[in-house]
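Number of protein chains: 4
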Amino acid sequence: MTATSMILTLACPDQPGIVSAVSGVLFEAGCNILDAQQFDDVETGRFFMRVVFARLVLARPEGEIAWIVGELAGRLGMTFTLRPASSVSRVMLLVSKFDHCLADLLYRSRTGELPMEVTAIVSNHGREHLASTDLTGIPFHHLPISTQSKIEQEARIWDLFQETSTDLVVLARYMQILSDGLSEKLAGRCINIHHSFLPGFKGAKPYHQAHERGVKLIGATAHYVTSDLDEGPIIEQDVERISHKDTPEDLIRKGRDIERRVLARAMRYHLEDRVVLNGKKTVVFST
Amino acid sequence: MTATSMILTLACPDQPGIVSAVSGVLFEAGCNILDAQQFDDVETGRFFMRVVFARLVLARPEGEIAWIVGELAGRLGMTFTLRPASSVSRVMLLVSKFDHCLADLLYRSRTGELPMEVTAIVSNHGREHLASTDLTGIPFHHLPISTQSKIEQEARIWDLFQETSTDLVVLARYMQILSDGLSEKLAGRCINIHHSFLPGFKGAKPYHQAHERGVKLIGATAHYVTSDLDEGPIIEQDVERISHKDTPEDLIRKGRDIERRVLARAMRYHLEDRVVLNGKKTVVFST
Amino acid sequence: MTATSMILTLACPDQPGIVSAVSGVLFEAGCNILDAQQFDDVETGRFFMRVVFARLVLARPEGEIAWIVGELAGRLGMTFTLRPASSVSRVMLLVSKFDHCLADLLYRSRTGELPMEVTAIVSNHGREHLASTDLTGIPFHHLPISTQSKIEQEARIWDLFQETSTDLVVLARYMQILSDGLSEKLAGRCINIHHSFLPGFKGAKPYHQAHERGVKLIGATAHYVTSDLDEGPIIEQDVERISHKDTPEDLIRKGRDIERRVLARAMRYHLEDRVVLNGKKTVVFST
Amino acid sequence: MTATSMILTLACPDQPGIVSAVSGVLFEAGCNILDAQQFDDVETGRFFMRVVFARLVLARPEGEIAWIVGELAGRLGMTFTLRPASSVSRVMLLVSKFDHCLADLLYRSRTGELPMEVTAIVSNHGREHLASTDLTGIPFHHLPISTQSKIEQEARIWDLFQETSTDLVVLARYMQILSDGLSEKLAGRCINIHHSFLPGFKGAKPYHQAHERGVKLIGATAHYVTSDLDEGPIIEQDVERISHKDTPEDLIRKGRDIERRVLARAMRYHLEDRVVLNGKKTVVFST
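Protein chains in written order, with UniProt numbering: chain A, 1 to 287; chain B, 1 to 287; chain C, 1 to 287; chain D, 1 to 287.
Listed below in structure tokens is the structure:
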């Protein structure tokens, strides 16, 4: 991807000629399509597309391309997103005491593997719980929570979200349930990692539930947060084999590895504009 | 494994000295342990063991070894099974219209991959639904079922089970729910293949449920049948990756491959005496 | 996919405007793109595309669309394939004594899972080696082979290939090496299943090699046959976990399952025109 | 595992009565076997065993148990290891510029997931290359290397190994090849992570080789270092799916995740005394 490439995602009612129309206006604007994927949901009649294109030497300026795409979107009834491929998302990380996902994301952020800038780390526990994690250069906010203070705490999170121009909130093993209000404000902009292979073992202590049931594989699920707990659109899942010998503590240990890689993959998909919401489900354009 | 080797499984309350006692009596009886695995369930205080041993040249006869092991079992409060490793289980297969698991099991039986003899194939549909499967040499029983005839039909299955000296019943995509009565009679001797990654998507049409929910992996589960539907002890599970592009029909197709291999593995474990029931769970001694 | 949909694959030197040109002519011909995937190989400067499109009510006839696409191909320097999505490929299966892949492919063919018609089964061993496989309705040809007769035997295969209007030859565990001449004649039209995770363990007895080396996973590889043994373009691979306890015979047994599913997947990709050759590699457009 | 449990591993020529003899002396010494696994290599006639046992209230002291086991070992021709299960291995980490394995191991060490104490980090590059990794409290040694200085540098490593009473050296993406001499001194005490699914793609730049060949899965291999490059006994391997779209850089990124988890698993196996060498192969007793 060159520095002047852009990523377009769109969704609209299906009709003949969309690919032709989109590729036509991009060609006329001096752009070359580097990658294009589409999905035609025959159940809902919705059409989804992701296009990565390069602006060639004589291409129109970015702003003008946005205007041209916007004009086409109006005609076809499309919702769309368009941004330079090189832009970096601003991400706020919410954690509790478990820091394995946090440490993993910070590592991937520092090495440039995940194209993101961490705007803040928020925890309902003090910084001392993250003692073994290097937070150098990242604002840390201790926002404790109690039944009475939940509303105020969430208001602080929302303020921080706005003040820091954050694009995405990640619940990186944040053991609190967001209120319906905050969930709605962050719709499509908040990813949670759940430590089970949903829809199995919803709610608390999923590894203990899995042990109790005697399953032979455990998993993790990254999904968008909605007001419907553990029911948000799923972005990515994975599993690992276990046996009767594994204690709940073994499952927790093995699960950490699954959670890390599932969350990292889901974030990559989101940060590269590969995920488009389709009702209660997601379209994830493959890497 | 030589022709004169035997397989012993046992379960008892844990106490010091079990391994020593078991290996001691086998050694004195002229046997050499080829493989031994154990599991100590610290939650329940139960101890489980599987021993494969060879009868050496001067070993006691099989019947005498059974008597010696039985005597030890009495002392230690053990339940146990003991049989020649070369013995072949007698298996009855129950099917409906889908024959992919049936065809796969018959193939593995014919090639000797699964050490079993098929005593009967029972279907609630006519033989014509299995037209593309070669049933040569295997008794086929068409036992139709209706709400009124369910009791009689199950009585016929139970009679067949006894008449044919069947050891194991396999519901190889048999789309009927066994009654509580038959489930109890067949406890620990009846394996079902469920076309979902339990406990997700219990009940009917799991692939449609999975499609509806938008999961990113689908699976299958082989479990012992109990009167508690889809809650029996799990023997084996596996999954495969899917995407938003997969229709319910695609899931059904991909699921067939998962069902086949999960059921075949579970049967191998059962037929090799690798599975011991541990309450609502299983201990599966590894291959 | 409706009965009137078509599948187009193309490859050409990359240049701006290809997607626009292709989608444009299809739109003008009264067609609606159902799925489109592309790949831009920046190393070689080659562009690859697969388009599935539906002919709408007032669409041009199939022949005219072929003419239009051919005309575009001429202008852009494209090689292409175009066919009705409902067309069924004619497949010849070559086997030796192992019949697990054969039985699996026949099953998938009979149930319609793989869109193919088997034109002939050719074996260098007699039909009695396939006794447990139902070959009803499929011509079987026993073409024995010896060092002296190899040329004649291959000439017979080639004749059969032509007489039966076969599109694809599958070496379904055919333990003979095709000559350079036949390999070249069948270039891109002959798939082999190799029982190792290539490039590890080339040549004979790969499971024994794997056992000898002590690897922890074994695999299988489906690839196009070329005159360069075990070096043909890879279509699909998969692996399974093994342990130190597995004997070569266990590997052979476990490998059968891997071989079956790898070959079936590779054939699905080929039969659905998802595979395009890219030098010594393949582009496999995802399902 | 209680604080007073011990781990015994042994290897000897197979003969009847070993399990009985081992379990007998442990029982008489007041110990209870918590887990026992064995492997009987019929090809070589070697017998391998791993026993975890608890010292009960009236058990003999550790030193006396060691004496008893040693006496038995003499009689049966056994090599063996015996240590308290709570003992923590001392590990030296060798790295070059890539720090993903290092960061991962340090995290798992700090959280107690891997029972090890890091005695030193040695790199042929300066500390500045590990700027984003928190090395607090761990001695760092910059030991640069050149063709002329290789012997001296390795002598320094060996001195460090002895001075720090290190038990295990880990080449955590250390891009240097150890000399035959050092390899032999560290035999069975030095683990390397190779970034390919061996035996495929030996030597340099395996991800580029994999890209060039067009494989559909890439992998990583953890093995003991021997003087025979990339041929040491394999402890653990794993793979991940890739596609034609992945560039060598994508493979490197995906590979980092595989390398991390393969190395972490291999170290867990080694640190828990689950790995016993069997000629050019390993016996890995399962978790």
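From the three backbone atoms N, C-alpha and C, an ideal C-beta is built for every residue, glycine too. Just so we're clear, the structure is a prediction, and the values are computed from it rather than from any experiment.
Task: Spatial distance of C:Cys190 from D:Ile177 (CA atoms) - done: By one-based count along the third sequence, residue 190 of chain C stands at place 190. By one-based count along the fourth sequence, residue 177 of chain D stands at place 177. In this structure, the straight-line span from the alpha carbon of C:Cys190 to that of D:Ile177 is close to 42 Å.
Task: Backbone CA spacing between A:Glu64 and A:Val283 [nearest angstrom] - done: The residue you call residue 64 of chain A lines up with position 64 of the first sequence. The residue you call residue 283 of chain A lines up with position 283 of the first sequence. Rounded to whole angstroms, A:Glu64 to A:Val283 spans 28 Å at the Cα level.
Task: Residues that B:Ile18 contacts on chain A, provided the C-beta gap is smaller than 9 Å - done: Within the second sequence, the letter at position 18 stands for residue 18 of chain B. Near B:Ile18 there are no residues of chain A at all, since even the closest Cβ is about 17 Å away, more than 9 Å.
Open item on the list: Do D:Ala120 and D:Ser164 count as a contact pair if the criterion is CB distance below 8 Å?
Closed with: As a working note, residue 164 of chain D is residue 164 in the fourth sequence. As a working note, residue 120 of chain D is residue 120 in the fourth sequence. The sequence given here has Thr at residue 164 of chain D, not Ser. It is a contact, given that the beta carbons lie within the stated cut-off.
- [ ] Determine the direct distance from the alpha carbon of B:Ala131 to that of A:Phe47, and round the result to whole angstroms.
- [x] The count along the first sequence starts at 1 and reaches residue 47 of chain A at position 47. The count along the second sequence starts at 1 and reaches residue 131 of chain B at position 131. Rounded to the nearest angstrom, the gap between the Cα atoms of A:Phe47 and B:Ala131 is 41 Å.
Open item on the list: Among B:Gln209, B:Phe285, B:Ile234, B:Gly181, whose alpha-carbon lies nearest the alpha-carbon of B:Ile252?
Closed with: Within the second sequence, the letter at position 252 stands for residue 252 of chain B. Out of B:Gln209, B:Phe285, B:Ile234, B:Gly181, B:Gln209 has the C-alpha closest to the C-alpha of B:Ile252.
Open item on the list: Quick check on A:Pro206: buried or exposed, where buried means 16 or more other Cβ atoms within 10 Å of its Cβ?
Closed with: Stepping through the first sequence from its first residue, residue 206 of chain A is reached at position 206. That one is buried.
TODO: Return the CA-CA distance between C:Asn124 and C:Pro61, expressed in angstroms with no decimal places.
DONE: Indexing the third sequence from 1 puts residue 124 of chain C at position 124. Indexing the third sequence from 1 puts residue 61 of chain C at position 61. In a straight line, the C-alpha of C:Asn124 is about 45 Å away from that of C:Pro61.
TODO: For D:Ala29, return the contacting residues in chain B, with the cut-off set at a CB-CB distance below 9 Å.
DONE: Residue 29 of chain D sits at position 29 when you count from the first residue of the fourth sequence. Per Cβ cutoff of 9 Å: no residues; D:Ala29 is ~11 Å from chain B at best.
Task: B:Gly70 - DSSP class collapsed to helix/strand/coil - done: As a first step, residue 70 of chain B must be located in the second sequence, where it is residue number 70. Residue state, collapsed to three classes: helix.
Task: Contact with chain C by A:Gly45, beta-carbon distance below 8 Å - done: Mapped onto the first sequence, residue 45 of chain A falls at position 45. Not one chain C Cβ lies under 8 Å of A:Gly45.
Task: Environment of A:Ile151 [buried if 16+ CB atoms lie within 10 Å] - done: The residue given as residue 151 of chain A occupies position 151 in the first sequence. The residue is exposed, with fewer than 16 neighbouring Cβ atoms inside 10 Å.
TODO: Report the three-state DSSP secondary structure of D:Val22 (helix, strand or coil).
DONE: Against the fourth sequence, residue 22 of chain D aligns to sequence position 22. Correct three-state label for D:Val22: helix.
Open item on the list: Do B:Ile193 and B:Leu171 count as a contact pair if the criterion is CB distance below 8 Å?
Closed with: For this step, residue 171 of chain B is matched to residue 171 along the second sequence. For this step, residue 193 of chain B is matched to residue 193 along the second sequence. Yes; because the gap between Cβ atoms is below 8 Å, this pair is in contact.
Open item on the list: Check whether chain D comes within 8 Å of C:Val225, counting only Cβ atoms and requiring the distance to be less than that.
Closed with: For the purposes of this step, residue 225 of chain C is taken as residue 225 along the third sequence, with counting starting at 1. Chain D contact via Cβ: absent.
Open item on the list: Given a cut-off of 8 Å on the beta-carbon distance, is the pair C:Ser23 and A:Val19 in contact?
Closed with: On the third sequence, position 23 is the one that residue 23 of chain C refers to. On the first sequence, position 19 is the one that residue 19 of chain A refers to. Yes, these two residues count as a Cβ contact at 8 Å.
- [ ] Indicate the three-state DSSP secondary structure (helix, strand or coil) for C:Gln15 in the structure shown.
- [x] Counted from its first residue, the third sequence places residue 15 of chain C at position 15. Three-state result, C:Gln15: coil.
Open item on the list: Between C:Arg50, C:Arg55, C:Gly70, C:Asp257, which has its C-alpha nearest C:Asn32's C-alpha?
Closed with: On the third sequence, residue 32 of chain C is found 32 positions in, with the first residue counted as 1. Checked all of C:Arg50, C:Arg55, C:Gly70, C:Asp257; the closest Cα to C:Asn32 is C:Arg55.
Task: Residue-level contact to chain A via CB, C:Leu56, 8 Å cutoff - done: Here residue 56 of chain C corresponds to residue number 56 of the third sequence, with the count starting at 1. C:Leu56 counts as touching chain A.
TODO: Quick one: using the 10 Å Cβ neighbour count with 16 as the cut-off for buried, is C:Gln148 buried or exposed?
DONE: Residue mapping note: residue 148 of chain C aligns to position 148 of the third sequence, counting from 1. Per the 10 Å Cβ criterion, exposed.
Open item on the list: So, at 7 Å on beta carbons, what are the nonlocal neighbours of B:Phe161 in its own chain, with the 5 sequence-adjacent residues on each side left out?
Closed with: Taking the second sequence and counting its residues from 1, one reaches residue 161 of chain B at position 161. The residues are Met92, Val169.
- [ ] Please check if any C-beta of chain B sits within less than 8 Å of the C-beta of D:Gly24.
- [x] Indexing the fourth sequence from 1 puts residue 24 of chain D at position 24. Taking Cβ atoms only, chain B reaches closer than 8 Å to D:Gly24, which makes this a yes.
- [ ] Provide the residue(s) that pair with B:Met92 in DSSP beta bridges, ordered along the chain.
- [x] On the second sequence, position 92 is the one that residue 92 of chain B refers to. BP columns for B:Met92 point to B:Ala120, B:Val169.
Task: Beta-carbon proximity list for C:His195, same chain, < 7 Å, skipping 5 on both sides - done: As a position in the third sequence, residue 195 of chain C is number 195, starting the count at 1. Answer for C:His195: Pro206, Tyr207, Ala220, Gly255, Glu259, listed in chain order.
Open item on the list: Output needed for C:Cys12: all residues of its chain with C-beta closer than 6 Å, excluding positions within five of it in sequence on either side, in chain order.
Closed with: For the purposes of this step, residue 12 of chain C is taken as residue 12 along the third sequence, with counting starting at 1. Phe47, Leu76, Gly77, Met78, listed in sequence order.
- [ ] Identify, in the order they occur along the chain, each residue of the same chain with its Cβ nearer than 6 Å to the Cβ of B:Phe98, setting aside the five sequence neighbours on each side.
- [x] Translated into positions along the second sequence, residue 98 of chain B becomes position 98. Arg173.
Open item on the list: Determine, for B:Gln237, whether the minimum Cβ-Cβ distance to residues of chain A falls below 8 Å.
Closed with: Numbered from 1 along the second sequence, position 237 holds the residue referred to as residue 237 of chain B. Closer than 8 Å: yes.
TODO: On the DSSP bridge assignment, give the partners of B:Gln38 in chain order.
DONE: Within the second sequence, residue 38 of chain B is the residue found at index 38, counting from 1. Per DSSP, B:Met49.
Open item on the list: Counting only C-beta atoms, is B:Ala36 closer than 8 Å to chain D at any point?
Closed with: Here residue 36 of chain B refers to the residue found at position 36 of the second sequence. Chain D, which has a Cβ nearer than 8 Å to the Cβ of B:Ala36, makes this yes.
- [ ] Pick helix, strand or coil for A:Leu105, following the three-state DSSP scheme.
- [x] As a working note, residue 105 of chain A is residue 105 in the first sequence. A:Leu105 falls in the helix class under three-state DSSP.
Open item on the list: So, for B:Leu217: in the same chain, excluding its five sequence neighbours on each side, which residues have a beta-carbon less than 8 Å away from its beta-carbon?
Closed with: On the second sequence, residue 217 of chain B is found 217 positions in, with the first residue counted as 1. So the qualifying residues of the chain are Phe197, Val239, Glu240, Arg241, Ile242.
Open item on the list: My output table needs one value for B:Arg189: the three-state DSSP class, helix, strand or coil.
Closed with: Translated into positions along the second sequence, residue 189 of chain B becomes position 189. Coil.
Open item on the list: With a threshold of 8 Å between beta carbons, is B:Arg261 in contact with chain A?
Closed with: Here residue 261 of chain B is taken as the residue at index 261 of the second sequence, counted from 1. So no, B:Arg261 is outside the interface.
TODO: Using a Cβ-Cβ cut-off of 8 Å, state whether A:Ile258 counts as contacting chain B.
DONE: Mapped onto the first sequence, residue 258 of chain A falls at position 258. Closer than 8 Å: no.
Task: Own chain, CB closer than 6 Å to A:Pro115, minus 5 neighbours either side, in chain order - done: To locate residue 115 of chain A, count along the first sequence from 1; it is residue 115. Here the set comprises Val88, Leu271.
- [ ] Go to C:Val262, then tell me how far its alpha helix (DSSP H) extends in each direction, as first and last residue.
- [x] What you label residue 262 of chain C is simply residue 262 of the third sequence in a count that begins at 1. Where C:Val262 is concerned, the enclosing alpha helix (DSSP H) stretches over 248-271.
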